[in-house]
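In our numbering, the protein residues as written are -2 to 109.
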(Lines of atoms letter the chains of each structure in order from A and count residues from 1; the text may use other names and numbers.)
(Lines give C-alpha, C1' and ligand atoms only; values in the text may rest on other atoms or scores of the structure.)
Protein backbone atom coordinates (compact mmCIF):
# COMPACT_ATOMS: atom_id res chain seq x y z
CA UNK A 1 0.00 0.00 0.00
CA UNK A 2 1.52 3.30 -1.09
CA UNK A 3 1.93 5.96 1.55
CA UNK A 4 0.09 9.21 1.03
CA UNK A 5 2.33 12.27 0.73
CA UNK A 6 2.11 14.97 3.35
CA UNK A 7 1.40 18.52 2.30
CA UNK A 8 5.07 19.50 2.64
CA UNK A 9 6.25 16.47 0.65
CA UNK A 10 3.72 17.20 -2.10
CA UNK A 11 4.79 20.84 -2.18
CA UNK A 12 8.47 19.81 -2.45
CA UNK A 13 7.71 17.36 -5.26
CA UNK A 14 5.70 20.00 -7.12
CA UNK A 15 8.55 22.51 -6.67
CA UNK A 16 11.11 20.05 -8.07
CA UNK A 17 8.82 19.31 -11.02
CA UNK A 18 8.39 23.05 -11.73
CA UNK A 19 12.17 23.63 -11.52
CA UNK A 20 12.81 20.69 -13.85
CA UNK A 21 10.24 21.95 -16.38
CA UNK A 22 11.74 25.46 -16.22
CA UNK A 23 15.26 24.10 -16.79
CA UNK A 24 14.04 22.07 -19.78
CA UNK A 25 12.26 25.14 -21.18
CA UNK A 26 15.43 27.22 -20.87
CA UNK A 27 17.69 24.44 -22.18
CA UNK A 28 19.64 24.11 -18.94
CA UNK A 29 21.22 20.84 -17.95
CA UNK A 30 23.17 19.92 -14.85
CA UNK A 31 26.74 18.87 -15.50
CA UNK A 32 28.23 17.30 -12.36
CA UNK A 33 32.01 17.52 -12.37
CA UNK A 34 34.59 16.01 -10.06
CA UNK A 35 37.95 17.71 -9.99
CA UNK A 36 41.33 17.22 -8.40
CA UNK A 37 42.03 18.49 -4.90
CA UNK A 38 43.19 22.09 -4.95
CA UNK A 39 41.30 22.95 -8.13
CA UNK A 40 38.64 24.90 -6.29
CA UNK A 41 41.17 27.13 -4.50
CA UNK A 42 43.01 27.86 -7.76
CA UNK A 43 39.71 28.65 -9.48
CA UNK A 44 38.87 31.01 -6.60
CA UNK A 45 42.16 32.85 -7.20
CA UNK A 46 41.42 33.13 -10.93
CA UNK A 47 37.88 34.32 -10.21
CA UNK A 48 39.16 37.07 -7.94
CA UNK A 49 41.86 38.11 -10.42
CA UNK A 50 39.36 38.38 -13.29
CA UNK A 51 36.38 39.84 -11.45
CA UNK A 52 34.11 36.80 -11.26
CA UNK A 53 31.95 36.28 -8.18
CA UNK A 54 30.27 33.02 -9.17
CA UNK A 55 32.09 29.84 -10.20
CA UNK A 56 29.16 28.92 -12.44
CA UNK A 57 29.56 32.18 -14.37
CA UNK A 58 33.28 31.55 -14.90
CA UNK A 59 32.72 27.96 -16.02
CA UNK A 60 29.96 28.98 -18.43
CA UNK A 61 32.24 31.63 -19.96
CA UNK A 62 35.05 29.08 -20.28
CA UNK A 63 32.69 26.59 -21.92
CA UNK A 64 31.38 29.17 -24.40
CA UNK A 65 34.89 30.35 -25.28
CA UNK A 66 36.04 26.77 -25.86
CA UNK A 67 33.03 25.91 -28.01
CA UNK A 68 33.41 29.12 -30.05
CA UNK A 69 37.07 28.35 -30.83
CA UNK A 70 37.94 26.59 -34.07
CA UNK A 71 39.04 22.95 -34.06
CA UNK A 72 42.78 23.72 -34.06
CA UNK A 73 42.45 26.13 -31.14
CA UNK A 74 40.40 23.59 -29.20
CA UNK A 75 43.12 20.98 -29.81
CA UNK A 76 45.78 23.45 -28.63
CA UNK A 77 43.83 24.21 -25.46
CA UNK A 78 43.29 20.52 -24.74
CA UNK A 79 46.96 19.69 -25.04
CA UNK A 80 48.22 19.00 -21.56
CA UNK A 81 51.32 21.10 -20.88
CA UNK A 82 52.92 18.53 -18.58
CA UNK A 83 52.41 15.48 -20.79
CA UNK A 84 55.52 15.82 -22.98
CA UNK A 85 57.62 16.74 -19.95
CA UNK A 86 57.21 13.28 -18.40
CA UNK A 87 59.69 10.86 -19.92
CA UNK A 88 60.91 7.57 -18.53
CA UNK A 89 64.69 7.66 -18.64
CA UNK A 90 66.69 4.45 -19.15
CA UNK A 91 68.01 4.82 -15.59
CA UNK A 92 64.47 5.05 -14.19
CA UNK A 93 63.39 2.06 -16.29
CA UNK A 94 66.28 -0.04 -14.94
CA UNK A 95 65.45 0.96 -11.35
CA UNK A 96 61.81 0.06 -11.87
CA UNK A 97 62.71 -3.30 -13.42
CA UNK A 98 65.10 -4.11 -10.54
CA UNK A 99 62.49 -3.16 -7.96
CA UNK A 100 59.87 -5.26 -9.78
CA UNK A 101 62.15 -8.30 -9.87
CA UNK A 102 62.97 -7.89 -6.15
CA UNK A 103 59.26 -7.67 -5.35
CA UNK A 104 58.56 -10.84 -7.37
CA UNK A 105 61.34 -12.70 -5.54
CA UNK A 106 59.98 -11.56 -2.20
CA UNK A 107 56.35 -12.38 -3.04
CA UNK A 108 55.90 -14.46 -6.22
CA UNK A 109 52.10 -14.36 -5.93
CA UNK A 110 50.17 -16.57 -8.35
CA UNK A 111 52.65 -18.73 -10.27
CA UNK A 112 50.39 -19.42 -13.28
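We treat Cβ as the ideally placed atom computed from N, Cα and C, and that holds for glycine.
Give the single residue among 60, 87, 84 and 89 whose Cα lies nearest to the Cα of residue 75.
60
Chain-order list of residues whose beta-carbon lies under 8 Å from that of residue -2 (same chain, five-residue window excluded)
Bear in mind that a pLDDT of 48 at residue -2, under 50, signals an unreliable position, so the number given afterwards is only what the model happens to contain. Closer than 8 Å at Cβ, skipping near neighbours: no residue.
Measuring CB to CB, does residue 40 end up less than 8 Å from residue 28?
no
Starting from residue 57, trace the alpha helix (DSSP H) in both directions and tell me its first and last residue.
In the DSSP assignment, residue 57 falls within the unbroken alpha helix (DSSP H) covering 52 to 65.
For residue 104, which three-state DSSP category applies?
coil
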